[in-house]
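Asker: To start, I am sharing the structure in question, which I have written as structure tokens.
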Amino acid sequence: MDNLKGMGWMTLAMLGFALADTFIKLSLITLPIGQVIAFFGIGGALVYGLWTKARGERLFEPTLFRPAFWLRLCSEVLSTVCFVTALDLIDLSLMAAIIQANPLLVTLGAALFLGADVGWKRWLAIAIGLFGVLIIVRPGMAGFDVNSLWAVGATLGLVGRDLATRMMPREVSNHLLSAWGFVAVGLSGLIILGVSREFVMPEGTAWAFLVGALLSALVAYYTITAAMRVGEIAVVTPFRYTRLVFALILALLVFGERPDLWTLVGAGIVIGTGLYTLWRERKVTG
116 MDNLKGMGWM TLAMLGFALA DTFIKLSLIT LPIGQVIAFF GIGGALVYGL WTKARGERLF
176 EPTLFRPAFW LRLCSEVLST VCFVTALDLI DLSLMAAIIQ ANPLLVTLGA ALFLGADVGW
236 KRWLAIAIGL FGVLIIVRPG MAGFDVNSLW AVGATLGLVG RDLATRMMPR EVSNHLLSAW
296 GFVAVGLSGL IILGVSREFV MPEGTAWAFL VGALLSALVA YYTITAAMRV GEIAVVTPFR
356 YTRLVFALIL ALLVFGERPD LWTLVGAGIV IGTGLYTLWR ERKVTG
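Counting with this note's numbering, you get residues 116 to 401 for the letters of the sequence shown.
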């Protein structure tokens with residue numbers, strides 16, 4: 116295993132995701148939510164569909180269509196719709212801070228629904244991490260923004276997607292799952308667009324933002340897969356948190372955002388407990 120290369124791939128992937136988030140937020144200045152989701156989903160479906168076929172895989176794999184597959188699609192749609200809506204309504208830095216809870220919630224979900232063995236120390240870390248999320252969101256306090264709940268919904272969707280992926284047979288490739296995930300996202304965007312009837316013909320900069328978002332996300336999807344293949348999971352996974360660093364820098368440079376102290380404190384708690392949970396998992400599994 117080449118951990119140094121794996122860490123580099125993971126860091127590049129997180130930069131790609133942060134850039135994609137930034138481009139999506141820029142595109143939403145002039146384009147409706149449904150249109151952005153539809154473009155992202157259809158574009159990703161075409162790329163991953165062709166990639167899957169080029170690898171000699173069948174798009175209609177018989178082992179694919181099972182309850183976990185449909186759960187994954189629903190979770191993918193939930194996460195994407197909530198994610199894009201959140202990017203339209205709240206600061207990029209706030210969005211990025213909230214979704215850092217994903218690894219903790221995946222551990223929680225694995226314990227509750229997949230029978231994973233989680234000791235009391237990791238349970239305590241999860242509880243403290245969720246407290247960190249509450250500090251970021253601040254429900255019932257003066258700094259609370261109800262639109263931040265869209266980011267919470269996006270995080271829960273990502274957790275559902277990750278847990279459903281673990282439930283799928285190993286012979287079903289990530290490329291095939293991603294292709295179908297993008298199909299579901301594209302269809303959801305078209306439905307939202309049809310209901311809202313807000314189609315806007317993109318101009319030059321809007322097209323650039325849409326293409327930039329898609330390309331950045333595709334590079335990120337490829338590099339995160341490469342990171343997991345060349346490096347030890349326990350070593351490269353903590354570098355997922357570099358996404359927040361990149362998001363904060365881009366939020367400041369592009370949108371002039373300056374997250375408040377409580378957002379940074381909450382994010383620090385979430386990341387700290389997440390890293391501890393990963394360390395404990397590595398120690399327990401040997």
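Note that CB positions come from ideal geometry on N, CA and C, so glycine has one too.
(1) Quick check on the DSSP output: the alpha helix (DSSP H) that includes Gly301 runs from which residue to which?
(2) Please confirm whether Ala211 and Ala366 have their CB atoms less than 9 Å apart.
(3) Can you give me the Cβ contacts of Arg358 inside the same chain, cut-off strictly under 7 Å, excluding the 5 residues immediately before and after it?
(4) Any idea if Trp235 is buried or exposed, counting beta-carbon neighbours within 10 angstroms, 16 or more meaning buried?
(5) Quick one: measure Cβ to Cβ for Arg355 and Met122, integer angstroms, because I've assumed they're closer than 8 Å.
(6) Please report the residue range of the alpha helix (DSSP H) in which Glu404 lies.
(7) Between which residues of its own chain and Ile148 is the CB-CB distance below 7 Å, once the five residues before and five after are set aside?
(8) Ignore the nearest five residues each way along the sequence and tell me which others in Leu193's own chain have a CB closer than 6 Å to its CB.
(9) Under 9 Å between the Cβ atoms of Val315 and Leu278?
(10) Can you name, in chain order, every residue of its own chain whose Cβ lies under 8 Å from the Cβ of Ser288, other than the five neighbours on each side?
(11) Taking the C-alpha atoms as reference points, what is the distance between Gly268 and Arg312?
(12) Run the CB neighbour count on Gly275, radius 10 Å, all protein chains shown included, and call it buried at 16 or more, exposed below.
(13) Buried or exposed for Ile106, going by 16 or more other Cβ atoms inside 10 Å?
(14) With Gly230 as the anchor, note down where its alpha helix (DSSP H) starts and where it stops.
(15) Taking the alpha-carbon positions, what's the Asn118 to Val310 distance?
(16) Taking all protein chains shown into account, do 16 or more other C-beta atoms lie within 10 angstroms of the C-beta of Leu292, making it buried, or fewer, making it exposed?
(17) When DSSP labels each residue in this structure, what does Gly272 get in the three-state scheme?
(18) Going by C-alpha to C-alpha distance, which of Leu227, Ala362, Ser303, Ala240 sits closest to Leu393?
(19) Please report the distance separating the alpha-carbon of Val298 from that of Phe324.
(20) Please determine if the region 153–163 and the region 383–392 are in contact, where contact requires at least 3 C-beta pairs separated by less than 8 Å.
(21) How about Trp295 and Leu179: are their beta carbons less than 9 Å apart?
(22) Where do the N-terminal and C-terminal ends of the alpha helix (DSSP H) with Asn118 fall, by residue?
(23) Run the CB neighbour count on Leu249, radius 10 Å, all protein chains shown included, and call it buried at 16 or more, exposed below.
(24) What would DSSP say about Asn217, mapped onto helix, strand or coil?
(25) For His290, which residues from the same chain have a beta carbon less than 8 Å from its beta carbon, with the 5 sequence-adjacent residues on both sides left out?
(26) According to DSSP, is Leu363 helix, strand or coil?
Answerer: Per the coordinate set shown:
(1) Locating residue 301 in the sequence shown gives position 186, counting from the first residue. Counting along the chain, Gly301 sits inside the alpha helix (DSSP H) bounded by residues 289–311.
(2) On the sequence shown, position 96 is the one that residue 211 refers to. On the sequence shown, position 251 is the one that residue 366 refers to. In contact: Ala211 and Ala366 (Cβ atoms closer than 9 Å).
(3) Here residue 358 corresponds to residue number 243 of the sequence shown, with the count starting at 1. So the qualifying residues of the chain are Met129, Phe132, Ala133, Ala211.
(4) Residue numbering aside, residue 235 sits at position 120 when the sequence shown is read from its first letter. So Trp235 counts as exposed.
(5) Translated into the one-based positions of the sequence shown, residue 355 becomes position 240. Translated into the one-based positions of the sequence shown, residue 122 becomes position 7. Arg355 to Met122, Cβ: 11 Å. No contact.
(6) For residue 404 there is no data in the structure shown, the boundaries of the chain being 116 and 401.
(7) Reading the sequence shown from its first residue, position 33 is the one you call residue 148. Result list for Ile148: Val199, Thr200, Asp203, Ile307, in chain order.
(8) For the purposes of this step, residue 193 is taken as the residue at position 78 of the sequence shown. Within the same chain, Leu193 has close Cβ partners Gly272.
(9) Here the question's residue 315 lines up with position 200 in the sequence shown. Here the question's residue 278 lines up with position 163 in the sequence shown. The criterion of a C-beta distance shorter than 9 Å is not satisfied by Val315 and Leu278.
(10) Position 173 of the sequence shown holds residue 288. Here the set comprises Thr167, Arg170, Glu172.
(11) On the sequence shown, position 153 is the one that residue 268 refers to. On the sequence shown, position 197 is the one that residue 312 refers to. Near 24 Å, if we compare the C-alpha coordinates of Arg312 and Gly268.
(12) As a first step, residue 275 must be located in the sequence shown, where it is residue number 160. Classification for Gly275: buried.
(13) Within the shown structure, residues of the chain are numbered from 116 to 401, placing residue 106 beyond reach of any answer.
(14) Start at 1 with the first residue of the sequence shown, and residue 230 comes out as number 115. From DSSP, Gly230 is part of no alpha helix (DSSP H); its letter is neither H nor E.
(15) As a working mapping, residue 118 is identified with position 3 in the sequence shown. As a working mapping, residue 310 is identified with position 195 in the sequence shown. Distance between the alpha carbons of Asn118 and Val310 is about 48 Å.
(16) Working through the sequence shown from its first residue, we reach residue 292 at position 177. Under this definition Leu292 is a buried residue.
(17) Taking the first residue of the sequence shown as position 1, residue 272 is located at position 157. Helix, per DSSP.
(18) Along the sequence shown, one-based indexing puts residue 393 at 278. Ranked by Cα distance from Leu393, the options Leu227, Ala362, Ser303, Ala240 are led by Ala240.
(19) Stepping through the sequence shown from its first residue, residue 298 is reached at position 183. Stepping through the sequence shown from its first residue, residue 324 is reached at position 209. Cα-Cα distance, rounded: 21 Å.
(20) no
(21) As a working note, residue 295 is residue 180 in the sequence shown. As a working note, residue 179 is residue 64 in the sequence shown. Yes, Cβ-Cβ distance for Trp295 and Leu179 is below 9 Å.
(22) Along the sequence shown, read from residue 1 onward, the residue named residue 118 stands at position 3. 118–142 is the extent of the alpha helix (DSSP H) around Asn118.
(23) Counted from its first residue, the sequence shown places residue 249 at position 134. With fewer than 16 other Cβ atoms within 10 Å, it is exposed.
(24) Taking the sequence shown and counting its residues from 1, the one referred to as residue 217 is at position 102. Looking at Asn217 - three-state DSSP - the assignment turns out to be helix.
(25) Locating residue 290 in the sequence shown gives position 175, counting from the first residue. Once the five neighbours on either side are set aside, the close Cβ partners of His290 are Tyr163, Trp166, Thr167, Arg170, Glu172.
(26) Here residue 363 corresponds to residue number 248 of the sequence shown, with the count starting at 1. Looking at Leu363 - three-state DSSP - the assignment turns out to be helix.
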